[in-house]
Each structure stands twice: as structure tokens, then as C-alpha cells.
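Residue numbers (this note's numbering), protein chains in the order written: chain A, 1 to 113; chain B, 1001 to 1115.
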């Protein structure tokens, strides 16, 4: 029940294309869903996050789509650039609890020029 | 977001020794977290460290192996004790957002190799 399942494990996209990464969860108590971007040798950086009271959140080229009934959420990267090549992690937590983040397995994105 | 630093950034240690990792934040925060990221893997929470109380450990992690200190609102240490090669990982601290909200920000990590 505490798991967050992420797919695909790896993704190759052409420059200018759309990258889509999906996550699914079981615990309906989760109420905060962030995405992190991690470059090699660096710590994860908070990219964008959503709460379940909205179905979509957009920040620049990054969009989170949230489907509460399906218990799924996804990250869309529009106009993907080689600089977006990194590992992306989805996560979930129960706010007002311990703040503990449950992470997905990660997706390695490669954007080809 | 908070500015977080960790020391050391990397280290190579011998089996059976211990290493203490420091995490420093540029502002006062109530909650600090320590995560482990094994090679090529995702992040797993080790423990939550609140100032003035004992750290809370997740299943599979024990205080004798990963003692944590939290002497004030801007600093914490994690010690990896009696190390084995299986402890080779990246250790990351994170803190809650400045507003005390639910977002977490991560430090750059400490890359530990145990030989």
C-alpha cells in the first residue's frame, strides 16, 4: 500500500518531442505528489508538485496530470531538450503526517538532439 | 528553497569503520530527513530527525547502525557505523520548505564507497 510504481524505467525522446512518465499509487491517503529531477552526481531537485484537489498543474514546459479515481499521475515534458536528460522520480506523501516521501523507481530520460 | 550543504561530498572507507555525514541548512527548519540511494536505485527514507527529540527510524534501519544527531534547527549528522560494502550508497539529507510546507528540498548528497 505504500508503494509508488513508476514507468517506464527508461525513455528516449527526440528533441522537441513530448516525454511522458507515469506513476500509480495504492494508498488513498496520499495527498501530495511531487516530481524530482536528478542529474548524475547531484541531489534530486524538486521540479513540480500537485495536490489531489486539481487535475492538472503546469509550470513552463512541465505538466502534471492527476487522475484521482485511477490513482495515477503523470509528468509531461513538452518540447523536450537535451538538457532535460536526467533521471526523474515521482513521489507521494501524506501531509500532516511525518512528511515521509515514498519514491517511485525512477525513469532515466535521454533526449536525443 | 533552502540552501543545503553536505560534508563530505564523497568518501572511500574501509570495512568496519564509521563515517559521520554532516548536513547544514541556511535557515531554521523543524524537520530534517535522511535518505539512502543505492547505486542506480531510488531513494529510501532512513529516518526523520526533529530538533529536541529522538530520530524516528523507518523499518529496516536501526539507531545502532545509523545514529543521528540534531543539535539545532540548522544542522544534523548521520553516522554510518561498522560499514560493509553493502552500505555503499549516496546519502542525502532533505528539509521541509521555508514556509513549513510539505515540499522537501534535498542536499547534494554524500557518495560513500566501502571497500
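Ideal Cβ placement from N, Cα and C applies to all residues, glycine included. All values reported here derive from a predicted model rather than from experimental measurement.
No Cβ of chain A is located within less than 9 angstroms of the beta carbon of residue 1113 of chain B. When 9 angstroms is used as the limit between beta carbons, residue 1096 of chain B is near these residues of chain A: 99, in chain order. Secondary structure of residue 1054 of chain B (DSSP, three-state): coil. Contact check between the segment 1082–1095 of chain B and the segment 1005–1020 of chain B: three or more CB pairs, one atom from each, fall below 8 angstroms, which counts as touching.
With distances taken between CA atoms, residue 1097 of chain B lies nearest to B:1032 out of B:1032, B:1069, B:1044. Taken through DSSP and simplified to helix, strand or coil, residue 8 of chain A comes out as coil. For the pair residue 78 of chain A and residue 1102 of chain B, the Cα-to-Cα distance works out to about 26 angstroms.
In summary, residue 37 of chain A is buried, with 16 or more beta-carbon neighbours lying within 10 Å of its beta-carbon over all protein chains present. Sixteen is the threshold: when 16 or more other Cβ atoms of the shown chains lie within 10 Å of the Cβ of residue 86 of chain A, as they do, the residue is buried. Beta-bridge partners assigned by DSSP to residue 1021 of chain B: B:1078. Counting every other CB atom within 10 Å of its CB across the protein chains shown gives residue 104 of chain A a total of 16 or more, marking it as buried. In this structure, DSSP gives residue 82 of chain A a helical state, which the three-state scheme calls helix. Interface flag for residue 44 of chain A against chain B is set, since a Cβ pair is found closer than 9 angstroms. The Cβ atoms of residue 1057 of chain B and residue 1093 of chain B do not sit closer than 9 angstroms to each other. At a cut-off of 9 angstroms between C-beta atoms, residue 60 of chain A does not count as an interface residue with respect to chain B. Close to residue 1056 of chain B, with beta-carbon spacing below 8 angstroms, are these residues of chain A in chain order: 98. The segment 1059–1076 of chain B and the segment 1039–1050 of chain B touch, with three or more beta-carbon pairs separated by less than 8 angstroms. Here residue 38 of chain A is bridged, per DSSP, to A:87.
Taking residue 1049 of chain B as the centre and dropping the five residues before and after it, the same chain places the C-beta of 1032, 1055, 1068, 1070, 1076 closer than 6 angstroms to its C-beta, in chain order. Within 10 angstroms of the beta-carbon of residue 1003 of chain B lie fewer than 16 other beta-carbons, which makes it exposed. Distance between residue 70 of chain A and residue 55 of chain A, taken at the CA atoms: about 12 angstroms. Listed in chain order, the non-local C-beta contacts of residue 12 of chain A below 6 angstroms within the same chain comprise 110, local neighbours out to five positions each way being set aside. Ranked by how close their Cα comes to the Cα of residue 66 of chain A, the residues A:60, A:40, A:22 have A:22 in first place. Residue-level contact by beta carbon fails for residue 10 of chain A and chain B, as no gap is shorter than 9 angstroms.
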